[in-house]
Amino acid sequence: MIRDITLGQYYETDSLIHRLDPRVKLAFTVIYIVSLYLGRSVWFFLAAFAFLALVIALTNVPVKFMLRGLKAILILLIISALFNIFLVNGTVIFRFWIFRVTREGLQMAGMLVVRLCLLVTSSSVMTLTTTPNRLTDGLEKALGFLKVIRVPVHEIGMMMSIALRFIPILMEEVNKIMKAQMARGADFDSGGLIKKAKAMVPLLVPLFVSAFRRASDLALAMEARCYHGGDGRTKLHPLKYSREDFLAYLVLLLYFALMLVLGRVLK
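Each position in the sequence shown, counted from 1, maps to that position plus 169 in my numbering.
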């Protein structure tokens, strides 16, 4: 399941979405996530799903690879859905021992699962189509106005870039540790969910040791190169808006306006 995490990975290919400015993709992610909470009806979520499906089709990223990241949050989805199904009050549909299933609980569980799936997938669109460096540059440029109130925008963007870079590195480290322990007789595949979770515990100590060691090496390397933040630094590839970027912004505004209308009309 850990190996299925796609957040932070970049899928290299040529597509319209890959060529867009990272600020556009940041705006898409924020606007899309906000739009998911503007309505509650089935048709509302179908419209949100259709828009995301169109964007995914324009990325030229395989759908299986795009949806693989949902496996990593499967346990979270199940736990969240069960809490809503059994703990939300309302019209009782089914009762068993101390548990009861309500119509309102089922509705809330369904909306929660759909929202989480769409949220994670839309975030994956941004990271899979944008390199960490471009994403950092876009975040720093988009939040540049906060420098007036002394917010360390460059440092925030750098931390985000390093975190995204470390995700695939740590996943690779997990695979190496798992293979080493499997060669010594460890079993990560058999048994139920609880047994598999317990089998993952021995991975944590070497994984944390490796993460801290890599973080220390990175800090020493940055100090050795006299890294001092964003003041006076220039970009090899400065960000510039193109006609495609402005058209993408227009599409985003039209989508958000449509979702506002659907959220009010479809109750």
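Note that beta-carbon positions come from the ideal geometry of N, C-alpha and C, so glycine has one too.
Going by DSSP, Ile262 is part of the beta strand (DSSP E) stretching over 261-265.
The C-beta separation of Val270 from Phe255 comes to about 7 Å, placing the pair in contact by the 8 Å criterion. Segment contact: the region 404-416 against the region 179-196, three or more CB-CB distances shorter than 8 Å; contact assigned. Here Phe268 is bridged, per DSSP, to Phe265. Contact check for Phe218 against Leu275 fails: the beta carbons are separated by 8 Å or more. Between Val283 and Ile242, the gap from beta carbon to beta carbon reaches 8 Å or more. Going by C-alpha positions, His187 is about 30 Å away from Tyr396. In this structure, Leu376 lies away from Ile336, with their beta-carbon atoms at least 8 Å apart. Residue state for Gln178 is assigned as coil, using DSSP reduced to three classes.
Contact between Ser204 and Met428 holds: their C-beta atoms lie close to 4 Å from each other, under 8 Å.
Around the CB of Phe214, 16 or more other CB atoms lie within 10 Å, so the residue is classed as buried. In this structure, the alpha-carbon of Gly326 lies about 15 Å from that of Thr403. Straight-line measurement puts the Cα of Ala368 at about 39 Å from the Cα of Gly259.
Runs of the alpha helix (DSSP H) lying entirely within the region 290-314, each at least 4 residues long, are 301-311 in chain order. Rounded to the nearest angstrom, the Cβ distance from Leu221 to Ser292 is 11 Å, too far for a contact under 8 Å. The beta carbons of Thr300 and Tyr179 sit closer together than 8 Å. Cα atoms of Ile225 and Phe234: separation of roughly 11 Å, rounded to the nearest angstrom.
Non-local beta-carbon contacts of Leu435 in its own chain, meaning distances under 7 Å to residues more than five positions away in sequence, involve Gly208, Ser210, Trp212, Phe213 in chain order. Between the alpha carbons of Ala352 and Val374 lies a gap of roughly 18 Å. Taking a C-beta distance under 8 Å as the contact criterion, Leu246 and Leu285 qualify as a contact pair.
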